[in-house]
Amino acid sequence: MGTFEDLKNLLGVGNAVVPATAQRRTAVQRASSWLVGWVVFLSSGFVASVLLNSAWVDCDIGVNASANLGSLVVASTVMATVSTSVWALLRWVTGRRRLLKPFLLTTATGVLLLWPFMAFWHAPDGYPVSTCPPDNVPPWWPTWLPL
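Everything in the sequence shown is counted per the working numbering, starting at 20 for the first residue and increasing by one.
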C-alpha cells in the first residue's frame, strides 16, 4: 500500500522529480511561444503601419511624413498589442503545447482586424483631400469593403 507522498508524486503534486527531457521540452515550448509572440507583435504592427501610411500618402493626408509619425506609432502599437493579446488568448484556449493552430487563428484575426483599424484611422469624412474620391477611400481599397 502506497503512502500519501507516493500519491502526491504520482499525481505530479509536491516535490516530484521532473525528468530532464520534460524540462528541456517545456523550455523549448516556452521559448518558441515567446518567439512567435514577438513575430506576431512586430509583423502586425508593421503591416498596420504600412497599410495606413499607404492610405495617407495616396490621399495626401497630413502635413508630411514626420508629422504623421506619431499617429502611425500609436496606431501600429494598438494593432500590435491587440494582435498579441489575441495570440496569448488563443494559445491559452487551444492548449499551451500547440503553436500552429493559434498562430493561424491569430493571423486570420489580424487580417479581419485590419478592416476596423483602417475604418477608424484612415482619413475621416470631410477631411479636405483632393486626390481621393469624396469618401476619402484610397483607390486601392476594395470597393466591396466599405470604410
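Backbone N, C-alpha and C fix where the C-beta goes; we use that ideal spot for every residue, glycine too.
Nothing here was measured: the structure is a model prediction, and the numbers come from that model.
By the criterion of at least three beta-carbon pairs nearer than 8 Å, the stretch 114-125 is not in contact with the stretch 71-88. Residue environment for glycine 114: exposed (fewer than 16 other C-beta atoms within 10 angstroms of its C-beta). When the five nearest sequence neighbours on each side are left out, the beta carbons in the same chain lying within less than 6 Å of the beta carbon of serine 95 are those of Gly64, Ala67 and Ser68, in order along the chain.
Threonine 162 is classed as exposed because its beta carbon has fewer than 16 other beta carbons within 10 Å across all chains shown. Per the C-alpha coordinates, the member of Val112, Leu70 and Pro158 positioned closest to methionine 98 is Leu70. By the CB criterion at 8 Å, glycine 56 and tryptophan 106 fall inside the cutoff. The residues Pro121, Leu124 and Thr125, in chain order, have a CB closer than 6 Å to that of leucine 109 in the same chain once the five nearest residues on each side in sequence are set aside. Across the structure, threonine 150 and tryptophan 159 are spaced so that their CA atoms are roughly 13 Å apart.
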